[in-house]
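Under my numbering, residues 169 to 539 are what the sequence shown spells out, in order. For every residue, glycine included, the Cβ atom is placed at its ideal position computed from N, Cα and C. Source: prediction; values computed, not measured. What follows is a single structure, written as structure tokens, with notes after it.
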Amino acid sequence: MSEPEPLQFIGANEVRLRGRMLTYFSGCDYFRLARNPEVAQAARQALTQHGLNVAASRRTTGNHEIYARLETALAAFFGAETALVLPDGYLAPGAAAQALAGEFTHAFVDEFAHGALMDAARMLDCPVEKFPHRDAAGLAKLLSKYGRKARPIILTDGMFSHDGSVAPLNAYLKILPAHGMILVDDAHGAGVLGATGQGSLECEGVNRKRIIQCATLSKALGAFGGVVLTTRLVREKILARSRMFAGTTPVPPPLAGAALAALKILQREPARQKKLFRNLFQVRTQLRRAGWEIAETPGPIIRLPELATAATADLKKRLLAAGIYPPFLKYGGTTAQGFFRFVISSEHTPAQLEKLTGVLAAFKAPRPPRK
Numbered sequence: 169m170s171e172p173e174p175l176q177f178i179g180a181n182e183v184r185l186r187g188r189m190l191t192y193f194s195g196c197d198y199f200r201l202a203r204n205p206e207v208a209q210a211a212r213q214a215l216t217q218h219g220l221n222v223a224a225s226r227r228t229t230g231n232h233e234i235y236a237r238l239e240t241a242l243a244a245f246f247g248a249e250t251a252l253v254l255p256d257g258y259l260a261p262g263a264a265a266q267a268l269a270g271e272f273t274h275a276f277v278d279e280f281a282h283g284a285l286m287d288a289a290r291m292l293d294c295p296v297e298k299f300p301h302r303d304a305a306g307l308a309k310l311l312s313k314y315g316r317k318a319r320p321i322i323l324t325d326g327m328f329s330h331d332g333s334v335a336p337l338n339a340y341l342k343i344l345p346a347h348g349m350i351l352v353d354d355a356h357g358a359g360v361l362g363a364t365g366q367g368s369l370e371c372e373g374v375n376r377k378r379i380i381q382c383a384t385l386s387k388a389l390g391a392f393g394g395v396v397l398t399t400r401l402v403r404e405k406i407l408a409r410s411r412m413f414a415g416t417t418p419v420p421p422p423l424a425g426a427a428l429a430a431l432k433i434l435q436r437e438p439a440r441q442k443k444l445f446r447n448l449f450q451v452r453t454q455l456r457r458a459g460w461e462i463a464e465t466p467g468p469i470i471r472l473p474e475l476a477t478a479a480t481a482d483l484k485k486r487l488l489a490a491g492i493y494p495p496f497l498k499y500g501g502t503t504a505q506g507f508f509r510f511v512i513s514s515e516h517t518p519a520q521l522e523k524l525t526g527v528l529a530a531f532k533a534p535r536p537p538r539k
């Protein structure tokens with residue numbers, strides 16, 4: 169894999185590539201809080217008060233009071249019994265898995281799950297199997313092989329970032345044996361999905377009784393770090409058993425301060441979430457009118473159907489000519505060919521959305537036959 173070219177972020181929705189300003193429909197800063205002045209000021213204030221780094225594990229002398237404040241705020245926002253902050257979102261499922269190692273007979277992982285869950289599954293100290301993507305019936309067949317005494321754990325993304333679809337958590341709970349559990353990596357759903365932004369659990373209408381929700385602070389909140397939203401018992405197990413928690417330096421205090429400010433903004437300004445989905449509805453509607461087959465998924469992500477190599481190159485040129493960064497990617501095992509994925513933000517302007525849909529509508533429009 170070749171290293172991507174560096175991008176410089178300018179303002180809310182632009183990047184500079186090779187000296188050229190382009191409108192940006194990539195990344196997962198859904199509310200553009202990573203460049204919000206209030207969030208930046210909170211980071212600067214925390215830097216002045218607390219320094220850049222605690223330079224020690226939280227198990228030793230690095231357990232700064234700002235982490236307790238952030239965990240209390242996160243638990244309240246997401247409606248969880250408690251929360252535990254990790255240095256990075258990738259580490260959150262792994263820390264939970266280390267804490268639960270040996271407690272389950274089998275682990276079942278969605279075939280398109282994020283790499284963090286694939287790695288976490290290996291830490292559970294039990295056999296691991298993949299199940300068909302978002303397929304409750306296929307998962308039920310696998311579970312049936314092991315009988316009622318099995319203690320399975322299911323690992324899945326909450327919202328899948330390749331297309332904005334959501335795991336059918338309600339269906340999974342119905343087929344899950346009594347002693348089973350679900351570990352959800354809700355990096356993309358947390359703060360975005362559900363009536364109040366609590367994520368895929370709220371979107372699916374399920375409670376937390378047998379679910380551990382992990383999330384990142386770097387997407388909807390625009391800061392950095394990871395969090396496990398769970399019960400006090402599981403939190404205590406992570407503190408006692410997880411090397412990922414015990415052996416790492418925690419989130420820098422300025423970023424913890426930024427996350428606290430971002431949470432306040434999302435609580436204070438629910439209109440951001442409404443605007444995000446209005447923007448999504450506008451783009452989807454116009455693309456469908458132009459003839460594109462666009463899936464109806466809960467997340468603010470638009471994945472185009474796969475295109476032939478020549479068509480892919482043509483669309484990249486058209487996007488660049490219109491001043492749009494072309495978001496073409498190959499994501500995990502979802503495809504070998506690659507696809508265009510447009511991530512919609514609450515802060516995209518009507519003109520930027522119209523420019524995107526105009527390029528895609530013109531590309532999709534019937535072309536006159538060659539003479």
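With a CB to CB cut of under 6 Å and the five nearest residues on each side skipped, what residues in its chain are close to residue i?
i      : result
Lys498 : Gly506
Thr250 : Ala243, Arg400 and Arg403
Excluding five sequence neighbours on each side, which residues of the same chain lie with their C-beta closer than 7 Å to the C-beta of residue i?
i      : result
Met291 : Gly262, Ala265, Gln266 and Ala269
Arg538 : For Arg538, the predicted model reports a pLDDT of 46, less than 50, meaning its position is unreliable and no value from the coordinates is stated.
Pro300 : Glu279 and Gly306
Arg376 : Ala248 and Leu369
Val527 : Arg486, Leu487, Ala490 and Ile492
Ala406 : Per the sequence presented here, residue 406 reads as Ile, with Ala not at that position. Answer for Ile406: Leu252, Ala263, Ala264, Ala267, Val396 and Phe413, listed in chain order.
Ala304 : Pro336, Ala339, Tyr340 and Ile343
Leu185 : Glu173, Leu175 and Tyr493
Decide if residue i is buried, meaning its Cβ has at least 16 other Cβ atoms within 10 Å, or exposed.
i      : result
Pro172 : exposed
Gln217 : exposed
Asp353 : buried
Phe272 : buried
Asn221 : exposed
Glu464 : exposed
Ile178 : exposed
Pro536 : Unreliable placement is indicated for Pro536, whose pLDDT of 47 sits below 50; no coordinate value is reported for it.
Lys387 : buried
Arg452 : buried
Ser312 : exposed
Arg212 : exposed
Gln366 : buried
Whose C-alpha, out of the options, is nearest the C-alpha of residue i?
i      : options                           : result
Ala241 : Leu389, Glu474, Val511 and Arg440 : Leu389
Phe510 : Tyr192, Ala358 and Arg237         : Tyr192
Phe531 : Ile462, Leu487, Tyr258 and Glu522 : Leu487
Ile462 : Glu233, Leu254 and Phe508         : Phe508
Lys442 : Arg186, Pro422, Pro468 and Ala426 : Pro468
Tyr235 : Thr228, Phe245, Ala223 and Leu254 : Leu254
Cys294 : Arg237, Phe276, Leu351 and Glu474 : Phe276
Pro345 : Ala224, Thr480, Lys309 and Ala439 : Lys309
Taking the alpha helix (DSSP H) that residue i belongs to, which residues open and close that run?
i      : result
Glu370 : Ser368 to Glu372
Gly421 : Checking the sequence, you will find Pro at residue 421 rather than Gly. Start and end: Pro421 to Arg436.
Along the chain, where does the beta strand (DSSP E) that runs through residue i open and close?
i      : result
His274 : His274 to Asp278
Gly526 : No beta strand (DSSP E) holds Gly526; the alpha helix (DSSP H) holding it covers Pro518 to Lys532.
Gln454 : Taken as a continuous stretch (DSSP letters only), Gln454 belongs to no beta strand (DSSP E), being part of the alpha helix (DSSP H) at Ala439 to Arg457.
Lys298 : Val296 to Phe299
Thr324 : Pro320 to Asp325
Thr250 : Thr250 to Leu254
Phe507 : Phe507 to Val511
Asp353 : Met349 to Asp353
Arg188 : Arg188 to Thr191
Leu185 : Glu182 to Leu185
Val396 : Gly394 to Thr398
Can you list, in chain order, the residues of its chain whose CB lies under 8 Å from that of residue i, leaving out five sequence neighbours each side?
i      : result
Ala408 : Ala267
Val374 : Leu337, Asn338 and Leu341
Glu372 : Val334, Ala335, Pro336, Leu337 and Asn338
Tell me, please, whether the segment 363-381 touches the segment 414-432 by the rule of three or more beta-carbon pairs shorter than 8 Å.
Fewer than three beta-carbon pairs drawn from the segment 363-381 and the segment 414-432 are found closer than 8 Å, and the two stretches are therefore not classed as touching.
Given 8 Å, three or more beta-carbon pairs between the segment 312-326 and the segment 450-461: Cβ pair count under 8 Å is below three, so no.
If contact is defined by three or more beta carbon pairs under 8 Å, each pair taking one atom from either stretch, is the segment 512-526 in contact with the segment 441-452? Segments in contact, yes.
Across the segment 392-399 and the segment 204-214, are there enough close Cβ pairs to call them in contact, namely three or more that are closer than 8 Å? Flag = no, the segment 392-399 and the segment 204-214 do not touch.
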